[in-house]
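These protein sequence lines map, in sequence, to chains A and B. Going by the numbering used here, the final residue of the first sequence carries number 513, and the count climbs one at a time with no gaps. Going by the numbering used here, the final residue of the second sequence carries number 1203, and the count climbs one at a time with no gaps. A quick write-up on the structure given underneath.
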Amino acid sequence: MAELTYRDAVARGIAQEMTRDPDVVFLGEDIGKAGGVFKATVGLYEQFGPLRVRDTPISEQAILGAAMGAAMTGLKPIAEIMFSDFFAVCFDYIANEFAKSRYMSNGQVKCPLVVRTGNGGGARFGAQHSQSVENWCMMIPGLKVVAPSSPRDVIGLLAAAVRDPDPVIFLEHKSLYATKGEVPDGEIVDTLGTATIVRPGKDATILALALMVPRALAAADKLKTEHGIDCEIVDVRSLVPLDTQTILGSVARTHRLFTVEENPRLCGWGAELVSIVADEAFYDLDGPPVRITTPHIPLPAADILEDIALPSVDRIAERVRRSLSA
Amino acid sequence: MAKVEDRALASTASLNDDIGEKTRLRMYRMQVEIREAEQRAYDLFLQNLVKGTSHLSLGQEAVAAGFAAAMKPGDLSFCTYRGHAHTLARGVAIEKVLGELMQRDNGLMRGKGGSMHLTSTDHGVMGSYAIIGAHLPIACGAAWRAQYKGQKDVSVCFFGDGTTNIGAFHEALNFAAVWKLPVVFVCENNLYMEYTPIGDVTAVPHPAADRAASYGLPRIVVDGNDADIVYRTAMAAYEKARAGGGPSLIECLTYRYSGHSRADPAKYRPEGELEKWKERDPIKIYRERLKQFGIGEDAIVGIETDVKRRVDEATEKCKAAPPPALEILTTDVYADGGFAWRN
């Protein structure tokens, strides 16, 4: 067991998989010699060499297209798109190409690849470098979508993504890179499609993803200390496949449902989960499900504005307290 | 705009026999097969038996035949929505292609892809891509795999003149050149992007070849209606790729006899243009070429008769084939064979 940053966990996860399988290759902008703009891939170029860790031009379409062509013909590429906002310039590959080729070809074409990207806000980068785009990806049949919240999950879910036969969008949260967590020694391999109850509780279920997980946990501590409200926090981790059983099971115990979503409100993943719970567990609920989200706005750059846009510990705690006392 | 006179840049076919009778007969058969199958697809469309859309390669057969004939087994083709010709040229059965166009269960992808997405990985046809430019980077990735694994196959990527104005074209060309990838980019310049003359929307006369210098590549323009010229050009590019010499960008001048798609009667073409190009019809040129090499009329007619019979047989099989089974609606979304997204 060692304490590791989320950032270092990325490099360790990639190294674990590249060591295991020579067909795993890695490409992206500034990922090699420079070690990544977030320093999440430091040391990989030195360890695995320029044939397996390849710096690319600023050509997001070429990066994802090349990853797809390599995956179709036998490699297991990991492609980095520096900021998830840049998915918008290569979305053809995400939405039209590697997501659909297996289906359109009646199973002939296989695209076992991983797209890693820096997702989410909190860094004061403004509207084009801060978005949470998980819902852009979740809506596309053929993709899997995961978003780890801890260093241990970074390694385990990255390993699962690399070993998965389908294309996986792997959303790393930029504001978590510096956070630390305990990580076991040796190989770590997790399972896609599994949510984790990171804090058991009896009064309310709070679903959260990525940066919203530590915020929900802090809000739960506050609610317990200040109001005696005992919240269960579920780290959704994997949007596709979605572990609805863990979520429905939690709601069946707590009878209340909250989602904490960093994405702007419309069509966020929480809406899908609320609809599932409403369909399948309506009579388990003692009150209306509540979504806590970023408003329907582009993200501002200024810190005081960004801080009131993203769900904060105080906003989460206050919204839960208000609902439960209503 | 690419003018017919520019074909003077290409040399006329040499009579020296580096190609040989066997390959020539094969290329003739391919061209006749593409012509007959495409014409049949058009006829079936008029009978409402080909649904959706279709983009025919009538008039462009020599490009498909020349590049395919020069390939080795294991070489990979990446096509556009105008990909019936390239799919047939790799040896995919006519029935499979027409079946897919007719959305029958015997189609290449059982009707799940349709005319614009013909794919047969067993034949090296790694897909037909309907978003302009998308497959150029994908071909780069396949070539990267070959380079990384030390495999000697070449990835060959076909596209139209209109593709040269989209970003993915330029990203892929630079990427392939920087990484020295074994990929061959083939621009079929048929003079029209869709409905608009390519010259009206492009800053240089030769939409592909005049961009080659930007990526450190030689400027190559050839007569795309002469299968011998196409074949020799392809052989040189494949050899360069296999030897580690990196990518090639080849512009083949040709002409599309039909409209962009089935919905387009091509009324925008100047009067007489189509007729002028038909004088240099690739199949007519090649029929004469075979005769120059002493191949008898009987052998030529034999190929033509055989191909027509095969197209007829394939048509009848497709007409008799059932529509796709409804249960395939949800298969092969994910690798487990299904579409489950939750537990």
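C-beta: ideal position from N, C-alpha, C; glycine also.
Could you compute how far the alpha carbon of residue i sits from the alpha carbon of residue j?
i	j	result
G1010 (chain B)	I479 (chain A)	52 Å
F312 (chain A)	A488 (chain A)	6 Å
K956 (chain B)	L251 (chain A)	30 Å
S975 (chain B)	G455 (chain A)	35 Å
P168 (chain A)	T206 (chain A)	What the structure shows of chain A is the stretch from 188 to 513, and residue 168 (chain A) is not part of that stretch, so it cannot be assessed.
T872 (chain B)	S319 (chain A)	In this prediction, T872 (chain B) scores a pLDDT of 46, lower than 50, which makes its location untrustworthy; the coordinate-derived value is nonetheless stated afterwards. Taking the straight line joining both Cα atoms gives about 58 Å.
L231 (chain A)	P1065 (chain B)	45 Å
L444 (chain A)	Q432 (chain A)	14 Å
F1199 (chain B)	R239 (chain A)	32 Å
M188 (chain A)	E374 (chain A)	12 Å
G1106 (chain B)	L1041 (chain B)	5 Å
S914 (chain B)	N450 (chain A)	40 Å
G973 (chain B)	V224 (chain A)	39 Å
A1036 (chain B)	L492 (chain A)	44 Å
L1186 (chain B)	D965 (chain B)	10 Å
Quick check on DSSP: helix, strand or coil for residue i?
i	result
Y290 (chain A)	helix
V349 (chain A)	helix
C306 (chain A)	With the sequence shown as reference, residue 306 (chain A) is identified as Asn, and Cys is not the correct amino acid for it. N306 (chain A): strand per DSSP, three-state reduction.
D422 (chain A)	strand
L344 (chain A)	helix
P514 (chain A)	Outside the displayed span of chain A (188 to 513) sits residue 514 (chain A), for which this structure offers no information.
S937 (chain B)	strand
M1053 (chain B)	coil
T1190 (chain B)	helix
I1089 (chain B)	helix
V477 (chain A)	strand
T381 (chain A)	coil
R889 (chain B)	helix
M205 (chain A)	helix
A391 (chain A)	strand
R386 (chain A)	strand
K1138 (chain B)	helix
V197 (chain A)	helix
V1043 (chain B)	strand
V332 (chain A)	strand
V296 (chain A)	coil
V320 (chain A)	coil
Would you list the residues sitting across from residue i in a DSSP beta bridge?
i	result
E1048 (chain B)	B:G1020, B:C1112
D1083 (chain B)	B:L1113
P264 (chain A)	A:V212
H360 (chain A)	A:N306
R1202 (chain B)	A:L429
A1073 (chain B)	A1073 (chain B) pairs with nothing; no bridge assigned.
K367 (chain A)	A:T192
F270 (chain A)	A:G305
Is the Cβ of residue i closer than 8 Å to any Cβ of chain B?
i	result
N322 (chain A)	no
P237 (chain A)	no
M291 (chain A)	yes
K297 (chain A)	yes
D353 (chain A)	yes
V302 (chain A)	no
T383 (chain A)	no
M269 (chain A)	no
M399 (chain A)	no
G219 (chain A)	no
A249 (chain A)	yes
G436 (chain A)	no
S462 (chain A)	no
For a cutoff of 8 Å on Cβ pairs, would you count residue i as touching chain A?
i	result
T979 (chain B)	yes
G973 (chain B)	yes
I998 (chain B)	yes
A1185 (chain B)	no
W1137 (chain B)	no
A1063 (chain B)	no
R970 (chain B)	yes
M986 (chain B)	yes
Y1194 (chain B)	yes
I1163 (chain B)	no
V1271 (chain B)	It is not possible to answer for residue 1271 (chain B), since the shown part of chain B is limited to 861 through 1203.
Q | Whole beta strand (DSSP E) elements within the segment 433-469 of chain A, 3-residue minimum | A | Complete beta strand (DSSP E) runs here, min 3: 444-451.
Q: Please go through the segment 219-257 of chain A and give each complete beta strand (DSSP E) segment of 3 or more residues, from N-terminal end onward.
A: 240-242
Q: Counting only runs of 3+ residues fully inside the segment 947-1031 of chain B, write out the beta strand (DSSP E) ranges in chain order.
A: Taking 3 residues as the minimum length, the beta strand (DSSP E) runs contained wholly in the segment 947-1031 of chain B are 985-989, 1015-1020, in order along the chain.
Q: Within the segment 395-420 of chain A, note down every full alpha helix (DSSP H) run reaching 4 residues or more, in order along the chain.
A: 399-414
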